[in-house]
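K.L.:
In UniProt numbering, the protein residues as written are 1 to 292. Just so it is clear, CB atoms sit at the ideal spot from N, CA and C, and this is done for glycine as well.
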C-alpha cells in the first residue's frame with residue numbers, strides 16, 4: 001500500500017503561525033450581492049500610473065471573486081469548498097489579530113452566508129430537523145443524498161463505543177493556528193478517554209488507527225501503547241490522553257482499536273477494544289452556529 005504520509009504526533013502547544021502581510025485584499029460581499037465594479041475614470045487624461053494601479057486592483061478583486069465562486073458553486077466539490085472555507089477563517093483570524101476589524105467583519109459575513117447556503121450543511125440541517133419532526137422518510141432521503149455528496153459529513157467529530165466493559169470516547173478538534181490551508185496542511189487534535197467499567201483490571205498494549213482523508217485514501221498505523229505508555233486501567237477508573245493527526249485535506253475520518261489484556265491472571269489472552277469512527281473536519285459539528 002502506498003504511504004499517504006500520515007503521522008500521528010503528540011499534541012504540543014500551538015506554534016505561532018507565520019505572520020501574514022498586513023496589506024491584504026479586502027473581503028468582498030457574498031455572490032448574489034451586487035459587487036461594484038471599478039468605476040471608470042472621470043477624467044480623460046488619466047495617468048499611466050493610475051491605469052497600472054487600476055489594473056492591479058481589478059486583478060486582486062478578480063482573485064477574490066474566484067475564491068468566492070469556489071465556495072458558492074454547486075459544481076465544486078465539498079472538499080474544495082471546505083478548503084476555501086478554512087482559508088477564509090484563517091484570514092478572518094489574522095485580520096482580527098491586526099485589528100483590521102472592518103475586513104474581519106466582511107469575511108465573517110461571507111462565512112455566515114457560506115454556512116447558510118452550502119449544500120452539505122443545508123442537508124445536515126434538513127436531516128436533523130426531519131428526525132426531530134419524525135419525518136423519517138425525508139430523513140432517509142437526506143441521509144442518502146449526504147452519502148453521495150460527502151460521506152464523512154454524516155460522522156460527528158466525536159464517537160463513543162464500549163467493548164467488554166471498556167468504554168472509549170473520542171473528540172476531535174481542528175487546530176487553525178497550526179494549519180496552512182493554502183499549502184494543503186490541516187492539523188487536527190483529538191482527546192481520548194478510556195474508562196474501565198468492567199470488574200477486571202486491564203492494560204493497553206497496542207494501538208491501531210485507520211486514517212482516511214477527504215479523497216478516500218486510507219492508511220493503517222500500528223504502534224505500541226499510547227503517548228509512550230502502556231497504561232494499566234483499574235476497574236471504575238479511566239485514562240485520558242491527547243494526540244494529533246496532520247492531514248492533507250480539510251476533512252477525513254479516523255477509527256481503530258486498542259489491543260488490551262486482563263492482567264489479574266497470567267497468560268490471559270488479548271482482546272481488541274473498538275474506537276468508533278469520528279470525523280476530522282475544519283468545520284466541526286457546530287458550523288451552523290455561525291448562523292446565529
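Any idea which residues DSSP pairs residue 189 with across the strands?
P.N.:
Translated into the one-based positions of the chain shown, residue 189 becomes position 189. 173, 244.
K.L.:
Compare the Cα-Cα distances from residue 213 to each of 185, 175, 228 and report the closest residue.
P.N.:
Counting from 1 along the chain shown, the entry for residue 213 is found at position 213. Ranking the options by Cα distance to residue 213, first place goes to 185.
K.L.:
Is DSSP giving residue 183 helix, strand or coil here?
P.N.:
Here residue 183 refers to the residue found at position 183 of the chain shown. In this structure, residue 183 counts as helix in the three-state DSSP scheme.
K.L.:
Any idea if residue 278 is buried or exposed, counting beta-carbon neighbours within 10 angstroms, 16 or more meaning buried?
P.N.:
Taking the first residue of the chain shown as 1, we reach residue 278 at position 278. Counting Cβ neighbours within 10 Å, residue 278 comes out buried, since at least 16 surround it.
K.L.:
Just to confirm the assignment, what range does the beta strand (DSSP E) spanning residue 258 have?
P.N.:
Looking up residue 258 in the chain shown gives position 258. Element bounds for residue 258: 251–262.
K.L.:
Taking C-alpha atoms, which residue in 169, 248, 284 lies nearest to residue 276?
P.N.:
Numbered from its first residue, the chain shown carries residue 276 at position 276. Minimum Cα distance to residue 276 is reached at 169.
K.L.:
Just to confirm my understanding: we take residue 157, look at its own chain, exclude 5 residues before and 5 after, and list those with CB closer than 8 Å. What are they?
P.N.:
Numbered from its first residue, the chain shown carries residue 157 at position 157. Answer for residue 157: 171, 172, 173, 278, 279, 280, 281, 284, 285, listed in chain order.
K.L.:
For residue 177, is the classification buried or exposed, using 16 other Cβ atoms within 10 angstroms of its Cβ as the cut-off for buried?
P.N.:
As a working mapping, residue 177 is identified with position 177 in the chain shown. Exposed, because fewer than 16 other Cβ atoms sit within 10 Å of the Cβ of residue 177.
K.L.:
Just the C-alpha distance for residue 118 and residue 106, rounded to the nearest angstrom, thanks.
P.N.:
Along the chain shown, one-based indexing puts residue 118 at 118. Along the chain shown, one-based indexing puts residue 106 at 106. C-alpha separation (whole angstroms): 18 Å.
K.L.:
Please go through the same chain and pick out, in chain order, the residues whose beta-carbon is closer than 7 Å to the beta-carbon of residue 296, but skip the five residues on each side of it.
P.N.:
A query on residue 296 cannot be resolved here, the shown segment of the chain reaching from 1 to 292 and no further.
K.L.:
Which residues share a DSSP beta bridge with residue 167?
P.N.:
Mapped onto the chain shown, residue 167 falls at position 167. In the DSSP output, where bridge partners are listed per residue, residue 167 has 162, 195.
K.L.:
Rank 183, 269, 238 by C-alpha distance to the C-alpha of residue 250 and give the top, closest one.
P.N.:
Here residue 250 corresponds to residue number 250 of the chain shown, with the count starting at 1. Out of 183, 269, 238, 183 has the C-alpha closest to the C-alpha of residue 250.
K.L.:
Quick one, which of 181, 139, 257, 232 has its alpha-carbon nearest residue 211's?
P.N.:
As a working note, residue 211 is residue 211 in the chain shown. With distances taken between Cα atoms, residue 211 lies closest to 257.
K.L.:
Rounded to the nearest angstrom, how far is the Cβ of residue 271 from that of residue 164, given a contact under 8 Å?
P.N.:
Numbered from its first residue, the chain shown carries residue 271 at position 271. Numbered from its first residue, the chain shown carries residue 164 at position 164. The pair is a contact, with the Cβ atoms about 6 Å apart (cut-off 8 Å).
K.L.:
Could you give the residue range of the beta strand (DSSP E) that holds residue 272?
P.N.:
By one-based count along the chain shown, residue 272 stands at place 272. Per DSSP, residue 272 belongs to the beta strand (DSSP E) from 270–281.
K.L.:
By Cβ distance below 6 Å, which residues in the same chain neighbour residue 310 in space, the five residues on each side in sequence not counted?
P.N.:
Since the first residue of the chain shown is 1 and the last is 292, residue 310 is not available in this structure.
K.L.:
Could you check whether residue 198 and residue 166 sit closer than 8 Å to each other, using their CB atoms as the reference points?
P.N.:
Taking the first residue of the chain shown as position 1, residue 166 is located at position 166. Taking the first residue of the chain shown as position 1, residue 198 is located at position 198. Contact flag set, yes.
K.L.:
Quick check: what's the CA-CA separation for residue 149 versus residue 100?
P.N.:
Locating residue 149 in the chain shown gives position 149, counting from the first residue. Locating residue 100 in the chain shown gives position 100, counting from the first residue. Rounded to whole angstroms, residue 149 to residue 100 spans 36 Å at the Cα level.
K.L.:
Which residues share a DSSP beta bridge with residue 147?
P.N.:
In the chain shown, counting from the first residue as 1, residue 147 sits at position 147. Looking at the DSSP assignment, residue 147 forms no beta bridge with any residue, so it has no partner.
K.L.:
Are residue 86 and residue 153 touching if we call contact CB-CB under 8 Å?
P.N.:
Counted from its first residue, the chain shown places residue 86 at position 86. Counted from its first residue, the chain shown places residue 153 at position 153. No, these two residues do not count as a Cβ contact at 8 Å.
K.L.:
Counting only the same chain and skipping the five closest in sequence on each side, list residues whose C-beta sits under 6 Å from that of residue 274.
P.N.:
Along the chain shown, read from residue 1 onward, the residue named residue 274 stands at position 274. Hits under 6 Å: 161, 163, 257.
K.L.:
Can you tell me whether residue 133 is helix, strand or coil according to DSSP?
P.N.:
Residue numbering aside, residue 133 sits at position 133 when the chain shown is read from its first letter. In this structure, residue 133 counts as coil in the three-state DSSP scheme.
K.L.:
For the alpha helix (DSSP H) containing residue 227, name the first residue and the last one.
P.N.:
Here residue 227 corresponds to residue number 227 of the chain shown, with the count starting at 1. Note, residue 227: premise wrong, no alpha helix (DSSP H); not H, not E.
K.L.:
Under the assumption that residue 243 contacts residue 190 (Cβ atoms under 8 Å), give the Cβ distance between them as a whole number of angstroms.
P.N.:
Here residue 243 corresponds to residue number 243 of the chain shown, with the count starting at 1. Here residue 190 corresponds to residue number 190 of the chain shown, with the count starting at 1. Indeed they touch by this definition, with Cβ atoms about 6 Å apart.
K.L.:
Kindly indicate which three-state DSSP category residue 265 falls into: helix, strand or coil?
P.N.:
On the chain shown, residue 265 is found 265 positions in, with the first residue counted as 1. Reduced to three states, the DSSP call for residue 265 is coil.
K.L.:
With a threshold of 16 other CB atoms inside 10 Å of the CB of residue 237, please say whether the residue is buried or exposed.
P.N.:
Counting from one through the chain shown, the residue named residue 237 turns up at place 237. Exposed, by the Cβ-count rule.
K.L.:
Going by DSSP in three states, residue 118 sits in which element: helix, strand or coil?
P.N.:
What you label residue 118 is simply residue 118 of the chain shown in a count that begins at 1. Residue state, collapsed to three classes: coil.
K.L.:
Should residue 155 and residue 127 be called a contact, given that it needs their Cβ atoms to be closer than 8 Å?
P.N.:
Working through the chain shown from its first residue, we reach residue 155 at position 155. Working through the chain shown from its first residue, we reach residue 127 at position 127. Contact flag unset, no.
K.L.:
DSSP on residue 126, reduced to helix/strand/coil?
P.N.:
Along the chain shown, read from residue 1 onward, the residue named residue 126 stands at position 126. Three-state result, residue 126: helix.
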